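As given, the protein sequences belong to chains A and B, one line each in that order. The first sequence maps to residues 530 to 1019 in my numbering. The second sequence maps to residues 530 to 1019 in my numbering. Where a beta carbon is used, it is the ideal one built from N, C-alpha and C, also for glycine. If you're wondering where the values come from, they're calculated on a predicted model, not measured in any experiment. Comments concern the structure below.
There are 2 protein chains.
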Amino acid sequence: MNRNTLIVGAILSAFTTAGMVSLAGADSHGDAERSPVRAKSEDWQEEFPDFYEAWRRTGESDEIIDMLKKNPQMVILWAGYGFAKDYNKARGHMFGVLSNANSLRTGAPTGPTDGPMPTACWTCKSPDVQRVITEVGENEFFTGKWARLGDQVVNAIGCADCHDSETYELVVTRDYLQRALDASPKDYGDIDDSEIRTLACAPCHVEYYFKPTEYTDKAGAEQKALVVTLPWDQGFLAEEAEAYYDGMDFVDWTHGISRAPMIKAQHPDYELYTTGLHYSRGVSCSDCHMPETEDGVPDHAVSNPITHIKQSCLGCHDQTEEELKQTLAIKYERKEQLNQIAMNTLATAHLEAGRAWEAGATEAEMAEVLQLLRSGQWFWDYAIASHGGYIHAPEETLRVLGIAIDKGSRARIELAGILAAHGVMNYEVPDFSTKEKAQQLAGVDLEKEVKAKIEFRNTLFKEWTASAIENGYLDPRQREGLSDNTSYKK
Amino acid sequence: MNRNTLIVGAILSAFTTAGMVSLAGADSHGDAERSPVRAKSEDWQEEFPDFYEAWRRTGESDEIIDMLKKNPQMVILWAGYGFAKDYNKARGHMFGVLSNANSLRTGAPTGPTDGPMPTACWTCKSPDVQRVITEVGENEFFTGKWARLGDQVVNAIGCADCHDSETYELVVTRDYLQRALDASPKDYGDIDDSEIRTLACAPCHVEYYFKPTEYTDKAGAEQKALVVTLPWDQGFLAEEAEAYYDGMDFVDWTHGISRAPMIKAQHPDYELYTTGLHYSRGVSCSDCHMPETEDGVPDHAVSNPITHIKQSCLGCHDQTEEELKQTLAIKYERKEQLNQIAMNTLATAHLEAGRAWEAGATEAEMAEVLQLLRSGQWFWDYAIASHGGYIHAPEETLRVLGIAIDKGSRARIELAGILAAHGVMNYEVPDFSTKEKAQQLAGVDLEKEVKAKIEFRNTLFKEWTASAIENGYLDPRQREGLSDNTSYKK
């Protein structure tokens, strides 16, 4: 029997009629109070076959759009950081683990203590994350290298990332999100139906950083975890998150060309969304990304609403699909125009800063430039890293990009003076108009990265998969038929 | 008997039920086909006493908000142009003629062939404009000095600026607007009810310039008129109007500090409004600025909707007045943030350009800077000169301001190099943080301007008024109780 409609229909109906729901699970900060996490979506399949099948369709969104090819400026902007190696447009939830493992950003570890990334890099990729946290503890999860958990974090983003494994309720599945909600100046009060259908997405679709956290493990040893933490204490605006980071002198990486102390924005979808009109009118993420099916339940093939405007938009918008597409195209163009200007300005400034160092500029001379680069790029990234900002919050996106342009430009104005003071006049930055040229400037040895990654995929990654299947963490059916394409191999 | 409701109710009803109306009067490009214009609104009072009384209430919006005090950067931006002398926030329609005569921008003529401005400067200020055009011809109206028509253009913006004097229909009362509609790439087709209730405002609330036009007058003499013309041939975007002006090497004035060949944006409210959501949903100017009264007719006390949100907004917006005010405040702040950055950037660039000339920069070195200043300031002005852009078209306003920031910044980057090449390092522009300081930098002798203007007001202007009353052009009741305050006298 198909219980989908009955059970989830009942849950939704409870949400809708009651108006308010408790954050089941999320009120309990301790690991012990969590329900055991059923991380394998295949374990939910028998009870929810329609939802399972819909969820699998997120694997159809498998196209690799190489953002570094599309916008080679990004390579310069992220020089010295993993994103300069490989950055593709987001794909469906089914690709959570695979995209993470395939990305050149996670490197090519050869064993559990090897590689560039910490375990925190798994956080948004799989319901196994909360399963492991529930089993071993949050700090314990966030300790060590990414490769340490490669044979345990194996299931694609799935059922247990949004739903309680016992009650099936929509819940905030990550403690770090609950801590951020508590710390935020926004008064959530009782979380209503609309808010939980947005907050269910927020564990992943937010800005975060890895907070160094010292603790004593069960064996009594001093340990240091890197715990995913949201910079929400002052609010959701780009300025407020920046003030949070500045207040702790936080640095994600030192820029490879300009030496600026950079912050990488992740994907503050939720934060930006709260500044927009849809949110203020009570529209939740799922209203558009999981529009109701003919059965009256949310479509679990979570996807881009532009691919189903009729279902997602026209229930509220009294327009034709064609009219709405035209409106969206104009919004996109507005954003993209300022985006291109911001990227070109900031990338040029990084390269000019690099030239200034070569010419003998001093730390004192460069201090303001580096601060402007850090801040300007933060604003740009905050507007752009957020998926769909031009729809979620078009005005705020344009405002934030305007600030990015201003700060990047002011860095360039300062740099013109510094370069002149060191005898460099009319400096023209080198050509960064293709991914290849930009990666050469950024010092990325793509061939070496790809070679190592392919070796990793053929060895350690295969071992992880085999081990996970053997240990019962992964149902081999999950990966069947799933595209394994990447930006670097056909 | 009060005919207001009956007659205008009938007209409105005809609009609404038919859906389409012809542009009465506007289809006829020749002067001869126009109805005689009843320019004195007092002549409409007997038939429409309620509308007359409502219209008089536009005289209550009499506060002088000195924009040059609020934003001293504007003085630098307009150096060498009349706006650097005097620029106040727009007031009610009743002040059309008085504000124009009181403005330091129109100078202090001593007779009909004296003063800085042409007759075209009356165009938006009074229904006498179309009366004179109908009587003497359009080119003849647009010939000679502003002061030539001082005793004829005397009535405040009133009934005949929007309505046909015989049929009372809403019409496009100016031929230059009809020519622009014909030239525009937008297909207006049949003008519907909503569009005419917006186009009725467009004769004045648009971008325009004074086009030199040669003609032979009735006496057979060669004459040159300056005819108000709208740059709509390519479209309504800032880029499209700029391309129109660039295509004819149009220059409003040469900047007094930077020597850039400037274009002054007027107030492209209509153009910007057409890029916004309200327009796309069929909301007309009068829907918000003249919301329905309890009698079901448009409130003829044309005003700022923020002063009557309940009547103007809450019929469509399902929010409280407080919520809407908060939303508007955020929109204003977003715009104002980018506005301040754009103004500071462009004003600084003008001053740096002035320093570059002093330092011996050549025309060739400065060419790109001057083009960036012309274009950047055009974008800024297009976004800001339009009243209420942050509500009419918030996204487009932010986009256009973003471009202004970019272009002004690129001028500054170029200038840093030029200044350095001429031995000027670390140049700090002089302080322009008050209207007084900025006017000193811009070479405005305010005392002299004010003295001359007061003399003008006490002599020629009084003669114009007396003559107009004597000749029956002005009903003396119109100016009764009307504030005569200005930015320069208490």
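Proximal residues of chain A, C-beta to C-beta of residue i below 7 Å
| i | result |
| --- | --- |
| B/Pro923 | Glu924 |
| B/Arg884 | None at all; the shortest Cβ gap to chain A is about 13 Å. |
| B/Met954 | Gly946, Ala949 and Ala950 |
For residue j and residue i, believed in contact at Cβ under 8 Å, the rounded distance
| i | j | result |
| --- | --- | --- |
| B/Trp909 | B/Ala871 | 4 Å |
| A/Ala565 | A/Ser694 | The identity of residue 565 of chain A in the sequence shown is Pro, whereas the question assumes Ala. 6 Å between Cβ atoms; contact. |
| A/His916 | A/Ile786 | Not confirmed; about 27 Å, so no contact. |
| B/Ala1003 | B/Asn684 | In the sequence as displayed, the identity of residue 1003 of chain B is Leu instead of Ala. That belief holds up - the Cβ atoms of B/Leu1003 and B/Asn684 are roughly 6 Å apart, short of 8 Å. |
| B/Ser813 | B/Ser938 | The Cβ separation is near 38 Å, so there is no contact. |
| B/Gly611 | B/Arg634 | 4 Å |
| A/Pro601 | A/Ser962 | 6 Å |
| B/Leu867 | B/Leu930 | 4 Å |
| B/Met646 | B/Lys674 | 7 Å |
| B/Thr696 | B/Leu989 | Wrong, their Cβ atoms sit about 37 Å apart, outside the cutoff. |
| B/Asp746 | B/Glu669 | 7 Å |
| A/Ala772 | A/Gln763 | 6 Å |
| A/Lys966 | A/Asp974 | Actually they are not in contact, since the Cβ atoms of A/Lys966 and A/Asp974 sit about 14 Å apart, beyond 8 Å. |
| B/Met954 | A/Ala949 | 7 Å |
Partner residues on chain B for residue i, Cβ-Cβ distance less than 8 Å
| i | result |
| --- | --- |
| A/Gly860 | Inspection of the sequence shows that residue 860 of chain A is occupied by Lys rather than by Gly. Result: Glu924. |
| A/Ala770 | Per Cβ cutoff of 8 Å: no residues; A/Ala770 is ~17 Å from chain B at best. |
| A/Ile870 | Gly931, Ile932 and Asp935 |
8 Å Cβ cutoff met for residue i and residue j
| i | j | result |
| --- | --- | --- |
| A/Val701 | A/Tyr799 | no |
| B/Ala731 | B/Thr672 | no |
| B/Trp761 | B/Ala794 | no |
| A/His951 | A/Ala885 | yes |
| B/Ala914 | B/His818 | no |
| B/Ala649 | B/Phe580 | no |
| A/Leu568 | A/Ala748 | Note that residue 568 of chain A is Ala in the sequence shown here, rather than Leu. Contact flag unset, no. |
| B/Glu943 | B/Glu897 | yes |
| A/Gly905 | A/Ala922 | no |
| A/Thr758 | A/Tyr705 | yes |
| B/Ser841 | B/Pro820 | yes |
| B/Val682 | B/Val665 | no |
| A/Ile947 | A/Ala890 | yes |
| A/Glu894 | A/Val958 | no |
| A/Leu699 | A/Ile662 | no |
| A/Ala876 | A/Leu606 | yes |
| B/Leu801 | B/Arg863 | no |
| B/Lys715 | B/Ile686 | no |
| A/Leu678 | A/Trp651 | yes |
| A/Asn617 | A/Met596 | yes |
| B/Ile838 | B/Glu850 | yes |
| B/Thr874 | B/Arg941 | yes |
Contact set between residue i and chain A, taken where Cβ atoms lie within less than 9 Å
| i | result |
| --- | --- |
| B/Gln866 | Arg928, Gly931 and Ile932 |
| B/Arg941 | Ser938, Arg939, Arg941, Ile942 and Ala945 |
| B/Arg903 | Going along chain A, no residue has its Cβ under 9 Å from B/Arg903, so there is no contact; the nearest lies around 18 Å. |
| B/Asp910 | Those do not exist, as B/Asp910 stays about 16 Å from chain A at its closest Cβ, beyond 9 Å. |
Any non-hydrogen atom of the ligand FMN within 7 Å of residue i CB
| i | result |
| --- | --- |
| B/Arg863 | The ligand FMN is absent from the structure shown, which contains no ligand whatsoever. |
Chain B residues whose Cβ lies nearer than 9 Å to that of residue i
| i | result |
| --- | --- |
| A/Arg863 | Glu924, Glu925, Leu927, Arg928 and Gly931 |
Is there contact between the region 824-834 of chain B and the region 571-588 of chain B, where contact requires at least three CB pairs shorter than 8 Å? Taking a contact to require three or more Cβ pairs closer than 8 Å, the region 824-834 of chain B and the region 571-588 of chain B qualify as touching.
For a minimum of 3 consecutive residues, which ranges assigned as the beta strand (DSSP E) are wholly contained in the region 721-800 of chain A? Segments of the beta strand (DSSP E) lying fully in the region 721-800 of chain A: 738-745 and 751-758.
In chain order, each alpha helix (DSSP H) run of at least 4 residues that lies wholly inside the region 613-653 of chain B: Listed in chain order, the complete alpha helix (DSSP H) runs (minimum 4 residues) inside the region 613-653 of chain B are 625-631.
For the region 911-970 of chain A, which segments carrying the alpha helix (DSSP H) assignment without a break, of at least 4 residues, lie completely within its bounds, in sequence order? Listed in chain order, they are 918-921, 923-950 and 964-970.
Completely contained alpha helix (DSSP H) runs for the region 835-887 of chain B, where each covers 4 or more residues: With a minimum length of 4 residues, the continuous alpha helix (DSSP H) runs that stay inside the region 835-887 of chain B are 838-841 and 850-887.
Is the number of C-beta pairs between the region 591-598 of chain A and the region 613-622 of chain A that are closer than 8 Å three or more? Verdict: yes, contact present.
My parser needs the beta strand (DSSP E) runs of 3 or more residues fully inside the region 683-715 of chain A; what are they? Here no run is fully enclosed.
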